[in-house]
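Under my numbering, the residues of the sequence shown are numbered 946 to 1274, in order.
All remarks here apply to the structure that follows.
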Amino acid sequence: MPDTFKAILISRDADKRQSVEITELTEADLMDGDVTVRVEATTINYKDGLAITGKAPVVRRWPLVPGIDFAGTVLSSAHPDWKEGDKVILNGWGVGETHFGAYAGRARVKGEWLVPLPDALTTTEAMAIGTAGYTAMLCVMALERHGILPEHGPVVVTGAAGGVGSVALALLSRLGYRVLASTGRAAESDYLRALGASEIISRDELSAPARPLGKERWAGGIDVVGSHTLANLLSMTSYGGAIAACGLAGGMDLPGSVAPFILRGVSLLGVDSVMAPKDIRLQAWRRLASHLDPAKLAALTTTIGFGEIVEAARDIVDGKVRGRVVVTM
Ligand code: NDP
946 MPDTFKAILI SRDADKRQSV EITELTEADL MDGDVTVRVE ATTINYKDGL AITGKAPVVR
1006 RWPLVPGIDF AGTVLSSAHP DWKEGDKVIL NGWGVGETHF GAYAGRARVK GEWLVPLPDA
1066 LTTTEAMAIG TAGYTAMLCV MALERHGILP EHGPVVVTGA AGGVGSVALA LLSRLGYRVL
1126 ASTGRAAESD YLRALGASEI ISRDELSAPA RPLGKERWAG GIDVVGSHTL ANLLSMTSYG
1186 GAIAACGLAG GMDLPGSVAP FILRGVSLLG VDSVMAPKDI RLQAWRRLAS HLDPAKLAAL
1246 TTTIGFGEIV EAARDIVDGK VRGRVVVTM
């Protein structure tokens, strides 16, 4: 009898109706790749919620094991960079979209997709950070590359009580920025202040259609919401500032004006974590391991078991999840 392991499988019927089940797979069921990993921890990202609920076309192969990120131990490798026993992290590269993903006891992937687990992190801590936290770091790095420094003025973070937002707050405050946190959940104000927010802004202040130019309120920002919120962020960015945009929790459109770009020299910095080159990933994970306060990481993390993944995926799309959800296998 071959070894079996639990997996979540998303299938689609002839009428394109999607269903989700927990099943047992063997290594022979996994897709091609040169490294097989025992998944020790994974997480629930917004994109996983979209995949499991079918609310957006994240899944592009059926049936599919969802889950866009994991941390674990290499079981076998035909790739020169990895050997049995190595601790690794995977984020993105189409895993959980077109390639069998993290919600299974084992994963087989391409060795070039993996990065080493930093010594300072456990596999569970790495997934408490997860793709959301790694993307928050990519956004911070994008602002830094643009030359936005703490002395230039405050920075704003939208969707602050969510995964990307919570980690972004913790990172920016640790780096010395004054951080304004925008949230639709006023009840989470104490949580946001404990992570490092100096001021709380109501989500409603930023969700109405934007004026071409507004009062200059911040030197930079990280936006996970898109749509009117992103247009408002741009219109209120001070001269020469920049907004790093990584999300679409409020919509994929961008109903704004070019005025901030051509009259204030404001920049819009696009951030993608899925296909980010390896050197940027290594830098981001190195900095996450050294800059993220472990107490703050623990405060923004909820831990669940494998059997709770589907429910948590539904909750994240409904905006009910605070901070990060890590799944221990
Ligand atoms: P979460 O669900 O954890 O956080 C999103 C937050 O956005 C919510 O907690 C809520 O924050 C706010 N929000 C939700 N709906 C709305 C709305 N309709 N209008 C305004 N605000 C809203 O998700 P993640 O942090 O994991 O991901 C955030 C976004 O970033 C997603 O769109 C995701 O797809 C994207 N992303 C992109 C990546 C990339 O590579 N570009 C990688 C990772 C994530 P609050 O309650 O505080 O208002």
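Note that the Cβ used here is the ideal one computed from N, Cα and C, for glycine as well.
The shortest C-alpha to C-alpha distance from Ala1257 to any of His1024, Thr998, Arg1148 is the one to Thr998.
By alpha-carbon distance to Ser1118, the top candidate from Pro1200, Leu1137, Gly1108 is Leu1137. With a cutoff of 8 Å on beta-carbon distance, Gly1056 and Trp1027 are scored as near each other. The residues Thr988, Asn990, Lys992, Ile1013, Asp1014, Asn1036, Gly1037, Ser1218, in chain order, have a CB closer than 8 Å to that of Thr1076 in the same chain once the five nearest residues on each side in sequence are set aside.
When the five nearest sequence neighbours on each side are left out, the beta carbons in the same chain lying within less than 7 Å of the beta carbon of Thr1068 are those of Glu985, Ala986, Ala1016, Gly1017, Lys1032, Leu1062, in order along the chain. In the DSSP assignment, Gly1250 falls within the beta strand (DSSP E) that extends over 1246 to 1250. Gly1165 is bridged by DSSP to Val1100, Ala1187. In this chain, the beta strand (DSSP E) harbouring Lys951 covers 949 to 957. Residue nearest to Arg1148 within the set Leu1158, Glu1161, Ser1134, Ala1139 is Ser1134 (criterion: CA-CA distance).
If only complete runs of 4 or more residues are kept, the region 987 to 1029 shows the alpha helix (DSSP H) at 991 to 998, in order along the chain. Residue nearest to Ala1221 within the set Val1060, Arg983, Glu1029 is Val1060 (criterion: CA-CA distance).
For Ile1261, the shortest C-beta to heavy atom distance toward the ligand NDP is below 7 Å.
In the DSSP assignment, Ser1118 falls within the alpha helix (DSSP H) that extends over 1108 to 1119.
Within 10 angstroms of the beta-carbon of Ala1052 lie 16 or more other beta-carbons, which makes it buried. For Arg1156, the closest alpha carbon among the candidates Thr968, Glu1029, His1173, Ala1164 is that of His1173. In terms of side-chain proximity, the C-beta atom of Ser1152 is found nearer than 7 Å to a non-hydrogen atom of the ligand NDP.
The beta-carbon separation of Val1101 and Ser1127, rounded to 6 Å, stays under the 8 Å limit for a contact. The shortest CA-to-CA distance from Thr971 to any of Arg983, Leu1179, Tyr1122, Thr1273 is the one to Arg983.
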